[in-house]
Amino acid sequence: VPYDGILEFRVDGRSHPVSDSDGSDGPPARLCPQQVLVQKLTATYLEDGGDLRFEAADVSLHDLTGDRPTVRYRTADGTPRTITCDFVAGCDGDHGVSRTAVPDGALTAYAFDHGIGWLTVLADAPPPAHPLLAVSRDGFAAHFPRGPRASRYYLQCPPDDDPGAWPEARVWDALRTRLGDPGLVSGPITDREIFRLRSLVHDPMRYGRLFLVGDAAHIVSPMGGKGMNLALYDADLLARAVRDSVHGDDTALHTYSARCLRRVWNDQEFSHWLTRTLHDAGDAEPFLRNLARARLDRLFNSPAAASAFAELMTGLDPTGEAVTREVPGNLSALGGD
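Numbers -14 to 322, taken from my numbering, label the letters of the sequence shown in order.
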């Protein structure tokens, strides 16, 4: 979905548009569901002659600290296969086999549970003019486009809540109240689930010749849409490091983890700040609520604060180095899809 760089905050029904464009000359940003990006990248890779092996079972990694690690798996018909390689990129997510192949104690895990749940709702309903984040005394809510005729909604709820406790009437009533929009147009709900906000970082992002990429190395609270962008950054950095290594320079391989983690912690901090601000702003505890609303007021009224927010939303490299512009524009995603 084309994105004009305007993010709408709504506090107790009052609208506060904020630009998250950093003013650079790069390609325009887009909002893209993660599975759509994966589909497009897969199609492009196959069209370029890439080798993708689907329906692999019993995948295991071996000899990761040797010169030639191997990946073993079984095909759909049960035939065993072994791939011998120079490097393994572990891009298989938080529950994949890559990180479990690393011996206990080799990585340090930094985990944080935000104590917040979201009811995520997909509906065939008109999308908003701009991505919308709303806070009120009733809690947080958000409304994002999901194509020209569908929307994704988020409603703050207890992390152990039951989706079955949210019939359609309750969902739409809560959205209209929290978004401050009594006339919000409803539509058929096609999916709903409870999503627990959590953060996780593994350090280092390398073990021998295994390099962890994306969710295999780090999970970010969805606030701020950093998960997919961090994964793209990791993958781009690793691809360039492997290219350099093939030409005899291993410097980028040795610095891969440190460079990625510097960006990861920068985005973790921003996501945590935004998560706390937008959820505390509706908190029943007045001290936290007033602190959060003071932060929002500063964002809405201070050009310096708005500029810093735009820079962090854009995702500038905290090292000060230029980030590759070879992907089609900045990409933002929110939530588990």
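In this text, a Cβ means the ideal position worked out from N, Cα and C, and glycines have one as well.
| Item | Value |
| --- | --- |
| If I measure Cβ to Cβ from Phe97 and keep anything under 6 angstroms in the same chain, skipping five residues before and after, which residues do I get? | Ser184 |
| Restricting to runs no shorter than 4 residues, where is the alpha helix (DSSP H) found entirely within the stretch 222 to 270? | 236 to 265 |
| Does the Cβ-Cβ distance between Ile179 and Gly90 come in under 7 angstroms? | no |
| Measure the alpha-carbon distance for Gln141 versus Val120 and round it to whole angstroms. | 10 angstroms |
| On the CB-based measure, 16 or more other CB atoms within 10 Å of its CB, does Cys17 come out buried or exposed? | buried |
| Thinking just about the alpha-carbon of each residue, which of Cys245, His128, Pro2, Arg274 is nearest to the one in Ala202? | Cys245 |
| Measure the beta-carbon distance from Asp252 to Gly300 and round it to whole angstroms, keeping in mind my assumption that it falls under 8 angstroms. | 7 angstroms |
| Tell me the DSSP secondary structure of Ser4 in three-state form. | strand |
| So Trp103 is in the beta strand (DSSP E); what residue range does that whole segment cover? | 93 to 108 |
| What is the rounded straight-line gap between the Cα of Thr29 and the Cα of Gly212? | 22 angstroms |
| Using DSSP's beta-bridge definition, name the partner residues of Leu118. | Phe(-6), Ala127 |
| With contact counted as at least three CB pairs below 8 angstroms, one residue from each stretch, are the stretch 24 to 43 and the stretch 157 to 169 in contact? | no |
| Based on DSSP bridge pairs, tell me the residues matched to Cys142. | Gly102 |
| What are the boundary residues of the beta strand (DSSP E) that Arg181 is part of? | 174 to 188 |
| Can you give the Cα-Cα distance for Tyr95 and Val186, rounded to whole angstroms? | 5 angstroms |
| Relative to the alpha-carbon of Leu238, which residue among Leu197, Ser171, His80, Asn286 has its alpha-carbon at the smallest distance? | Leu197 |
| Assuming Leu182 and Pro152 are in contact, meaning their beta carbons sit under 8 angstroms apart, how far apart are those beta carbons, in whole angstroms? | 23 angstroms between Cβ atoms; not a contact. |
| Can you pull the DSSP bridge partners for Tyr218? | Answer is none; Tyr218 lacks a bridge partner. |
| For Leu31 and Arg131, I'd like the C-alpha separation in whole angstroms. | 26 angstroms |
| Output needed for Thr67: all residues of its chain with C-beta closer than 6 angstroms, excluding positions within five of it in sequence on either side, in chain order. | Thr55, Arg57 |
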